Structures are given as C-alpha cells and as structure tokens.
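Working notes, beginning with the structure itself.
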Amino acid sequence: MNPLALTIFLFSLAIGTTITLSSYHWLLAWVGLEINTLAIIPLMTKTPHPRAIEAATKYFLTQATASALLLFSSLINAWMTGEWSINSLTDLPMNALSIALMMKLGLAPLHFWMPEVLQGISLPTGLILSTWQKIAPMVLLLQTSHLINLNLTIILGLTSILVGGWGGIGQTQLRKIMAFSSIGHLGWMIVVLKFAPHLTLFNFILYIFMTASMFLSLMTISTTKMSEISISWSKTPTLTATTLLVLLSLAGLPPLTGFAPKLLIVLELIKQNATLLASLIMLASLLALFFYLRLTYIVSLTLPPNTPNSFSSWRSSTKTHLSTAIANTIALIFLPLTPTLLLFV
Numbered sequence: 001m002n003p004l005a006l007t008i009f010l011f012s013l014a015i016g017t018t019i020t021l022s023s024y025h026w027l028l029a030w031v032g033l034e035i036n037t038l039a040i041i042p043l044m045t046k047t048p049h050p051r052a053i054e055a056a057t058k059y060f061l062t063q064a065t066a067s068a069l070l071l072f073s074s075l076i077n078a079w080m081t082g083e084w085s086i087n088s089l090t091d092l093p094m095n096a097l098s099i100a101l102m103m104k105l106g107l108a109p110l111h112f113w114m115p116e117v118l119q120g121i122s123l124p125t126g127l128i129l130s131t132w133q134k135i136a137p138m139v140l141l142l143q144t145s146h147l148i149n150l151n152l153t154i155i156l157g158l159t160s161i162l163v164g165g166w167g168g169i170g171q172t173q174l175r176k177i178m179a180f181s182s183i184g185h186l187g188w189m190i191v192v193l194k195f196a197p198h199l200t201l202f203n204f205i206l207y208i209f210m211t212a213s214m215f216l217s218l219m220t221i222s223t224t225k226m227s228e229i230s231i232s233w234s235k236t237p238t239l240t241a242t243t244l245l246v247l248l249s250l251a252g253l254p255p256l257t258g259f260a261p262k263l264l265i266v267l268e269l270i271k272q273n274a275t276l277l278a279s280l281i282m283l284a285s286l287l288a289l290f291f292y293l294r295l296t297y298i299v300s301l302t303l304p305p306n307t308p309n310s311f312s313s314w315r316s317s318t319k320t321h322l323s324t325a326i327a328n329t330i331a332l333i334f335l336p337l338t339p340t341l342l343l344f345v
C-alpha cells in the first residue's frame, strides 16, 4: 500500500477514536465510530485476496448494522427525553444501545463475525482490529455503565466466556484462537461492568497489552498456524519461549500479568454476594485454559521439528524488535505493579 494512503487511514483511525472518546453528544460518538469503521476497511483489503474481501464485507455489514441500531436508539432517546447527551438514556434505548456496542465489540451471541473476519485479514490489521477498534465502544459502555441493565451484562458476559472457551478448543489457526480469546476476555470485562467499572477498564488495558504482544510476536516469527510455532523454535528460541509465556498470561495463570484482572474480578463478585456467578465464570474459563495449555505444551514442545538438525541453527532474522520486546515484558511481569496501576485507573 502507498505510504501516504496508509498514513491517512491510520490517522483517520486515530481521529475516529478521539472524536468518540471526547464526545458528549451521541451523534458525535456515532460519527467517530463510523470514521473508525470506514478507515480500517481499506487496511483489510490491502492484499486483494478473496478471503480479505469477504472479511471486509462481513465486517462492514456487521458494523453498519450496529451503527444503525446505535443511531436508532439515540434518536428514540432524544424523542423521549429531548436530550442527546450520553448520560441521559432511558431503559429501552439503553438496552438497544448496549446491544449495538456489544455487537461492535464482538460479544457472544453477537460474535459470529469476529473469528471469520480475523482469519481473513493479515496479522497487522488483526492487531488493530483486536485492540484499537475495541477502545471506542468499550469507553462508551464504561460511560453508560451506571445505566446498563445488570441482567444483560451477566447473561452476555457469561455466554461470551463460554463461547470464547468452547469455540477455541477445536481451532488450529492462531488468528481464530486469538479471536475466541478476545471474546472470552471481553466476557470477563462485561460481567463486572455494572459492579466495578474501574476493574473493567483495568482488565481492558491489560487485555490490549497482552493481545498486542501476542500479535507482535506472531508477526515477528511470521506464524499463523499451530504447526508453524514448533518450526520457529529452532530459529528464534527466545521469542518463541516468550510467546508461549504470553499465551499462559492470556490464560490467566500466576505469576503472570493476566492473573491480576481475573483475581480482582472474582474478588469483586464475591464481595457483591455473586459467589455463584464467580464460580460459573471460573469454571467456564477452564475451557479457554485448556486450549492455551494445549497450544503451549503439546504443539510447541512435542510436535516435530522441535530441535535443530545442526548445532549452529540457521536464523531467519537477526533484526531486533523493540516494540515486541516491550510488549512481551509488559504482558509477563506486570503482576507486582497491579496496586500501582489500580491507583491510576
């Protein structure tokens, strides 16, 4: 792609998110979301492959439907209350708007577009879709968290955790695994949204760091399938090892970064006398833990070829990747800094 065009599209992505984040009016928030959607579609189709075109079409149709529902609920609310401000929503428009934002995020049962779209696009575009594109809808949900229906968040959150774990078990494509991982993590955030919005924000920030580090690692070792990770072991052993540790961090195992949000969310739910809900989401997350562990141990350490054929193994690249190193470090060793991070959230 032309560097000028790429710069314009990335700048448009930044502008769209900034407009949504700084808006107090629903129409401006909608405009920001639309700019975001339209700016990423050329990035999806920069490699003119039928899969990429199909992914971009599915993404556009889903996001257009969610945007239409969001605008419709805003209009109904303006008709009922005479206000366009974000914090002045009544029950019916709020439920419709919550569903629209959750469709944009890819929460179950509105998740069907997410794995297919992520599988059809390149890893750099997948990184943007899994991290940056989630910021605007999530911030809108956080701004309206005091108005949101509690039953809706619990049902959709629990369903997302189950679907995220169940859907990822049979996958061999890493992009689809990351899609189901994203659905599961968003489920954890939505479950606690009504009880403690600051925990949702904390979990979201760490999710962005961990997902970004995973995508950057996959981009560095040029891997999109399970079997390719074991091949990369002999070429970049250190990066492959840290990639596997990032997977365990995504699974939420101590003492890695991903353990902190899960622990805090479970403790908050128990504090709110939702012990049964806390038990259910912990049991449901075992499904996701299974495919993370399978990917880490079985595929990467037991599938041939897992050892080099010669003593001096051939290196595919000696170039250093500072961004990947920083993202991996954050995704692995931020657990002791959790109390400090919570002060800023």
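Residue 235 in our numbering sits at position 235 of the sequence shown; the count goes up by one each step and never skips. Using N, Cα and C, we set each Cβ at its ideal position, and we do this for glycine too. This structure is a prediction, so every number in the text was calculated from the model and none was measured.
Asked	Found
Simplified DSSP assignment, three categories, for Q143	helix
S160 (DSSP reduced to helix, strand or coil)	helix
Euclidean distance between Cα positions of L248 and Y24	39 Å
CB-CB length for L244 against T296, believed under 8 Å	5 Å
Residue of R51, H49, I231 and Y59 minimising C-alpha distance to E34	Y59
Close beta carbons around A100, own chain, < 6 Å, minus the five adjacent residues each side	A66, L69 and L70
Coil, strand or helix - S122 by DSSP	coil
Meets three-Cβ-pair contact criterion under 8 Å: the region 324-333 and the region 227-236	no
K46 versus L269: straight-line alpha-carbon distance, rounded	44 Å
Whole-angstrom distance between A52 and D91, CA atom to CA atom	39 Å
contact_flag[the region 251-271, the region 149-163] where n(CB pairs < 8 Å) is 3 or more	no
S249 - DSSP class collapsed to helix/strand/coil	helix
Unbroken stretches of the alpha helix (DSSP H), 4 residues or longer, contained in the region 30-91	50-81
Element boundaries [alpha helix (DSSP H), containing K176]	L174 to V191
Cα-Cα separation between L343 and A331, rounded to whole angstroms	19 Å
Under 8 Å between C-beta atoms of A251 and Y292	yes
Assigned secondary structure, K104 (DSSP; H/G/I helix, E/B strand, else coil)	helix
Bridge-paired residues (DSSP) for K350	Absent from the structure is residue 350, since the part of the chain shown begins at 1 and ends at 345.
T131 versus W79, G120, G168 and S181, residue with shortest Cα-Cα distance	S181
Inter-residue spacing [alpha-carbon to alpha-carbon] between A196 and A78	28 Å
Contact set for T81: own chain, Cβ-Cβ below 7 Å, skip 5 residues either direction	S88 and T90
Exposed unless 16 or more other CB atoms sit within 10 angstroms - verdict on S85	exposed
C-beta contact flag for W30 and S74 at 8 Å	yes
Inter-residue Cα distance where the pair is T338 and L264	10 Å
First through last residue of the alpha helix (DSSP H) which encompasses K262	F259 to K271
DSSP beta-bridge partners of H25	S85
Own chain partners of L105 with C-beta closer than 7 Å, once the 5 adjacent residues on each side are dropped	K134, P137, M138 and L186
A212: first and last residue of the uninterrupted alpha helix (DSSP H) it sits in	P197 to T220
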